[in-house]
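Let me begin by presenting the structure, written as structure tokens, before commenting on it.
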Amino acid sequence: MSLEADDEIYGSIDFLNTIAHRYPASLSLAAGAPTLDHVSGETFMDALNERKRDRSMFSYHASRGLINDVLARHLSAVLSATVDPGDVVVTVGAQEAMLLIMRALDIRERGSLGIVAPAFPGVRGAAAFLDLPTVDIDERSDGFNPEDLEAAILRAKTEEKPIRAVYLATDNSNPSGSVLDLQSRIKLLKLAQMYELILIEDTTYAFTSDVPLPSLAELDTNGCVVQIGTFSKLVSPSLRVGYLLTEVVHDGASLAKRVALLKNMTTVNTPALSQIIVARMLEKDYPLLSRASRGLGRAYRKRLSALLAYLDEMLGDLRAFGVTWSSPSAGFFVVVETPWRMGEEQLELSAAEFKVLWTPMRFFYKGAAGDTSLRLSCSAIREDDMRIAVHRLGCFLTHLQRTETL
């Protein structure tokens, strides 16, 4: 992979941050950050105060994690199966988990990484950081189809870059909001067994589902799934606590142990203070982390419904000019399709003249795909501001309709 291509991948996130700082008066439908309405400093301090006489929390600890037993009990309840603490590695967010698993699988030496696209830019950035060849498997209009993966596998074999692992978000994905149906999950696991693939399952947004489907990790009977999760959206991104769960045996050894060894060469260990806060919430059955109480998921679904209602209200007339949008059931995001280019130049115009921010969809693809689409997020904006932001977006798109040559 060229340095120029790397810079484009790394620079997409930096560009959004730069635009937001340059136009502080703009309302943001771009940020995928979680709401922090449910977080308080008291909650964090209570967790630390309970351990204030335990000086070990100020020291180094095992790279695999400090709270694996607690996390394994939590995951056992979520997955309705017994999780071995030895199969869990606590990471510095989901991003580190992606980086470590790609390195642990030696993908660069063995072939390529398949990415179900559009995809979270961080996974593409991790692959670029490790100089891994990647192959995009694009979603269809109704979501990901495993048949397209099989076709990509066969093509990659002829190019001598066989796909060894596949990254995908199975539930309410970023950015498309798609959900992989149960039949497709089963087909995907069969393909993984047939072609000896490792499936890297990102579950970041699964908690927002009203009726969650079983994860690939739950359905896996052949040891081919690596599940990645994070507490950034459930608790706070500032804690930087994620995890990797896998029973995979790779080259005759535990893949989880291999990941833990590699972690010694990156972050050494996930900060103990952050782990203690998460563990306390899990142990106390903190409502937002309980499968029985899905309050935060309901709150996000309400926000999403509001965003969709405002789009219908304020962008409805633009349908006549080819503007459409997705209608996901959960998650943070809505994708708007337009007839016009939606890149950095258009985003700058939107921010400067119409005071509204969004994310170009091309940031989520390899190459030029997604050039005429944008992603909206409902997660980090208040509902009264959301209505104003969608109105501004409608004004911006109406401006393009009147001035752009199709």
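Counted from 1, the sequence shown has number 323 at position 244 by the numbering used here; the numbering is strictly sequential.
Each residue gets a CB set at the ideal place from its N, CA and C atoms; glycine is no exception.
Simplified DSSP assignment, three categories, for residue i
i      : result
His478 : helix
Gly120 : helix
Leu383 : helix
Leu278 : strand
Tyr322 : strand
Leu367 : Note that Leu367 scores a pLDDT of 45, beneath 50, so its modelled location is shaky; the value from the coordinates is reported in the next line. Helix.
Thr349 : coil
Arg283 : The residue you asked about is not Arg; residue 283 is Thr in the sequence shown. Coil, per DSSP.
Ser408 : coil
Ala358 : helix
Tyr139 : coil
Leu115 : coil
Asp396 : helix
Arg132 : coil
Arg377 : helix
Asn343 : coil
Beta-carbon proximity list for residue i, same chain, < 6 Å, skipping 5 on both sides
i      : result
Val162 : Ala151, Leu154 and Ser155
Ala335 : Asp166, Val168 and Thr325
Asp215 : Ile194, Ala196 and Lys445
Ala409 : Asn251, Thr287, Ser288 and Arg380
Phe442 : Ser91 and Pro200
Met273 : none
Arg130 : Met136 and Ile355
Ser429 : Val435 and Phe475
Tyr389 : Arg466 and Val469
Ser384 : none
Ser142 : Ala339, Lys342, Asn343 and Asn348
Val357 : Phe310 and Val320
Inter-residue CB distance, residue i and residue j (contact presumed, cutoff 8 Å)
i      : j      : result
Tyr284 : Asp260 : Contact doesn't hold; Cβ gap of about 16 Å is too wide.
Val169 : Ile146 : 6 Å
Arg398 : Glu462 : Going by Cβ atoms, the distance from Arg398 to Glu462 rounds to 24 Å, so no, they are not a contact pair.
Pro200 : Ile279 : Between Ile279 and Pro200 the Cβ distance is about 15 Å, and since that is not below 8 Å, they are no contact.
Leu476 : Ala109 : Contact flag wrong, Cβ pair sits at about 15 Å.
Met393 : Gly473 : 4 Å
Pro254 : Val118 : Pro254 to Val118, Cβ: 24 Å. No contact.
Gly111 : Ser456 : 5 Å
Ser191 : Pro241 : 7 Å
Thr282 : Gln306 : 6 Å
Met181 : Ala205 : 6 Å
Ala459 : Ser107 : 7 Å
Asp299 : Leu268 : 6 Å
Bridge-paired residues (DSSP) for residue i
i      : result
Val414 : Arg454
Leu270 : DSSP lists no partner for Leu270.
Leu106 : Val435
Thr403 : Glu416
Contacting residues, own chain, Cβ-Cβ under 8 Å from residue i (five flanking each side not counted)
i      : result
Glu297 : Leu158, Ser159 and Ala160
Ala488 : One cannot answer for residue 488 here, as it falls past the ends of the chain, which runs 80 to 485.
Leu179 : Val168, Thr170, Leu323, Val338, Leu341, Lys342 and Thr345
Arg203 : Ile88, Ile194, Thr213 and Lys445
Ser135 : Ala351
Gln425 : Trp419, Pro439 and Leu479
Ala104 : Lys434
Tyr139 : Val347 and Asn348
Nonlocal neighbours in the same chain, by C-beta distance under 7 Å from residue i, ignoring five residues either side
i      : result
Asp148 : Pro164
Ser353 : Leu318, Arg319 and Val320
Glu483 : Trp419
Glu238 : none
Ala271 : Leu278 and Cys303
Met177 : Gly201, Val202, Ala205 and Ile307
What alpha helix (DSSP H) runs, 4 residues minimum, are completely inside the stretch 199-262?
Within the stretch 199-262, the complete alpha helix (DSSP H) runs of at least 4 residues are 200-208 and 225-237.
Minimum length 4: unbroken alpha helix (DSSP H) runs contained in the stretch 420-472
DSSP runs (the alpha helix (DSSP H)) wholly in the stretch 420-472: 423-433.
Quick one: complete beta strand (DSSP E) runs, 3+ long, within the stretch 141-204?
Listed in chain order, they are 167-170 and 191-196.
Taking only runs that begin and end inside the stretch 287-339, name each unbroken beta strand (DSSP E) of 3 or more residues, in chain order.
Listed in chain order, they are 304-309 and 321-325.
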